[in-house]
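Visitor: If you read the sequence shown in our numbering, its first letter stands for residue 45, the second for the next number, and so on.
Here's a structure for you.
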Amino acid sequence: MKLWHHLLFTLLLAVGLIGCGAQPAQPQAEEAAPAAETETYTDENGFFTAEYPAGWIVEPYGFGDEAPFPHVTIGSNQEIIDLSNAMEPLPEDQIAVAVMLLASDMFAEAGVTAESSLEEVAPLVLMSMAEGDEDIAQAMAKATIEPVNLSNGTPAVRVTAAAPSEAYIVRLADLGNGVYLFAPAVIAVDYHNAELEGQIEAIVNSVDVTGSSEEVMAFVMEKMGGMEETQ
45 MKLWHHLLFT
55 LLLAVGLIGC
65 GAQPAQPQAE
75 EAAPAAETET
85 YTDENGFFTA
95 EYPAGWIVEP
105 YGFGDEAPFP
115 HVTIGSNQEI
125 IDLSNAMEPL
135 PEDQIAVAVM
145 LLASDMFAEA
155 GVTAESSLEE
165 VAPLVLMSMA
175 EGDEDIAQAM
185 AKATIEPVNL
195 SNGTPAVRVT
205 AAAPSEAYIV
215 RLADLGNGVY
225 LFAPAVIAVD
235 YHNAELEGQI
245 EAIVNSVDVT
255 GSSEEVMAFV
265 MEKMGGMEET
275 Q
């Protein structure tokens with residue numbers, strides 16, 4: 045799209061020069077860097093879509109029964125996703141990002157209501173993420189939580205934490221309809237730069253959620269019911 049726009053602009057400019065005679069040379073403006081190519085992930089249950097860098101891979105519902113809610117894991121290759129899932133150290137220039145949808149009703153017993161702030165909800169979500177792993181639990185207990193906004197103005201918090209084998213940059217956004225967008229990213233310990241942060245932000249900001257809180261909760265209850273039947 046940008047290329048066609050540029051060619052059309054160049055053609056019109058050339059026609060103008062021919063019709064009007066020579067014009068004084070104008071300073072050349074720097075062209076913006078071309079946007080990185082992306083691919084689109086569409087959730088198989090119709091809950092959301094997300095953009096990710098072209099050539100990367102996605103692992104839909106890769107957490108299985110351990111995460112009975114809509115989710116996908118995104119990484120540059122399968123090895124990165126496998127390392128992340130195994131909580132093994134990642135190479136310094138790599139990230140794995142998970143996109144998850146949570147319903148506020150999932151945390152109702154913990155006192156979460158429509159009036160609860162993200163700063164109140166975030167510790168509950170983080171500790172549920174760390175359940176069963178002492179290292180991650182300790183890391184999340186010391187996490188830094190700061191208010192931010194997604195690119196469309198949606199209120200969110202940015203969380204940073206570090207465990208012995210990996211570090212985390214997490215976004216938790218309140219979509220305003222009883223649905224939370226939870227996006228934990230895993231990076232190498234003590235390794236963070238603007239490029240990695242930009243990749244995380246691009247993925248998170250691209251997420252388009254179409255599922256309602258009731259639909260997400262119904263999905264969760266169905267999955268948990270299936271888990272109980274197999275136990």
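Where a beta carbon is used, it is the ideal one built from N, C-alpha and C, also for glycine.
Under a three-way DSSP split, which group does residue 244 fall into?
Guide: Three-state result, residue 244: helix.
Visitor: When the Cα of residue 161 is compared with those of 209, 199, 243, which residue comes out closest?
Guide: Ranking the options by Cα distance to residue 161, first place goes to 199.
Visitor: Excluding the 5 residues flanking residue 70 on each side, which residues of the same chain have their C-beta closer than 6 angstroms to its C-beta?
Guide: Unreliable placement is indicated for residue 70, whose pLDDT of 48 sits below 50; the coordinate value is still reported in the next sentence. Nothing listed; no residue qualifies.
Visitor: Using C-beta distances below 8 angstroms, list every residue in its chain close to residue 168, excluding the 5 sequence neighbours before and after it, in chain order.
Guide: Here the set comprises 151, 154, 156.
Visitor: Could you tell me the distance, in whole angstroms, from the CA atom of residue 92 to the CA atom of residue 113?
Guide: Their backbone Cα atoms lie some 12 angstroms apart in a straight line.
Visitor: For the putative contact between residue 216 and residue 166, defined by C-beta atoms under 8 angstroms, what is the C-beta separation to the nearest angstrom?
Guide: At roughly 5 angstroms, the Cβ-Cβ gap stays under 8 angstroms, so residue 216 and residue 166 are in contact.
Visitor: Going straight from the alpha carbon of residue 182 to that of residue 159, what length do you get?
Guide: Straight-line Cα distance between these residues: approximately 28 angstroms.
Visitor: Evaluate residue 138 with the Cβ neighbour count: other Cβ atoms within 10 Å of its Cβ, from every protein chain shown; 16 or more gives buried, anything less gives exposed.
Guide: By the 10 Å Cβ count, residue 138 comes out buried.
Visitor: Is residue 123 closer than 8 angstroms to residue 98 when the C-beta atoms are compared?
Guide: Going by C-beta atoms, residue 98 is not nearer than 8 angstroms to residue 123.
Visitor: Can you tell me whether residue 218 is helix, strand or coil according to DSSP?
Guide: In this structure, residue 218 counts as strand in the three-state DSSP scheme.
Visitor: So what does residue 236 bridge to, in DSSP terms?
Guide: Bridge partners of residue 236: none, in fact.
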